[in-house]
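Report on the structure given below.
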Amino acid sequence: MFFLRLSLRNDVPTFVVDAPGGGGKITLQPNYLLSQSPEKVVLRNFEGVITSYPEPQGYVAGRADEYFEQTYEGFKEKQSNTGISAILQEECSTLIPNSLERNNRRLSFQQTEGYSTLKDRREKRDELKEKKYLTEIKKRTEN
Numbered sequence: 001m002f003f004l005r006l007s008l009r010n011d012v013p014t015f016v017v018d019a020p021g022g023g024g025k026i027t028l029q030p031n032y033l034l035s036q037s038p039e040k041v042v043l044r045n046f047e048g049v050i051t052s053y054p055e056p057q058g059y060v061a062g063r064a065d066e067y068f069e070q071t072y073e074g075f076k077e078k079q080s081n082t083g084i085s086a087i088l089q090e091e092c093s094t095l096i097p098n099s100l101e102r103n104n105r106r107l108s109f110q111q112t113e114g115y116s117t118l119k120d121r122r123e124k125r126d127e128l129k130e131k132k133y134l135t136e137i138k139k140r141t142e143n
């Protein structure tokens, strides 16, 4: 039997799933949640055992939305469009921290003399590909 329960470890609530087939209790955290579809969730425990957990039969997604709208009238107008809320509302698809180290590296490279990207060299790449393609065709027609 599958079940979801709330565990309190060090006063931090943690949702866990009792995985089927001896998978043990798996916390619902990014490292353990591999994939999710409308029918099931795929989980991996700390030992690497991968299992699936089905959604309840007759589950209707979005059923709670109507209740939420009735309980919190006007929440749509007050809803934020920044952060994770913007992702959920599809106003953006990614949040990138300002302090991301790769962005700092990219900026430092762009400021160096002689900086160029692969995009800057596409024309040369395409010429070389065309030359290679023509050479291959020539070899095949000779054989």
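The sequence shown runs 1 to 143 under UniProt numbering. Glycine residues also receive a C-beta, built at the ideal position from the N, C-alpha and C atoms. Here the structure is a predicted model, which means the values were calculated and not measured.
#### Entry: Alpha-carbon to alpha-carbon, Gln-111 and Leu-33
Their Cα atoms are separated by approximately 40 Å.
### Message
For Gln-89, which residues in the same chain have their Cβ closer than 8 Å to its Cβ, ignoring the five residues on either side in sequence?
### Response
Correct list, in chain order: Gln-79, Asn-81.
### Query
Between Thr-94 and Lys-138, what straight-line distance do the alpha-carbon atoms span, to the nearest angstrom?
47 Å
### As assigned by DSSP and simplified to three states, the class of Ala-19
strand
### Message
I need the straight-line Cα distance from Phe-46 to Arg-121, nearest angstrom please.
### Response
45 Å
### Query
Beta-carbon separation of Glu-55 and Glu-77 under 7 Å?
no
### Task
Thinking Ala-19 and Tyr-59 are a contact (beta carbons under 8 Å), I'd like their distance in whole angstroms, please.
Actually they are not in contact, since the Cβ atoms of Ala-19 and Tyr-59 sit about 19 Å apart, beyond 8 Å.
### Task
For Ile-26, write down the residues that DSSP places opposite it in a beta bridge.
Val-17
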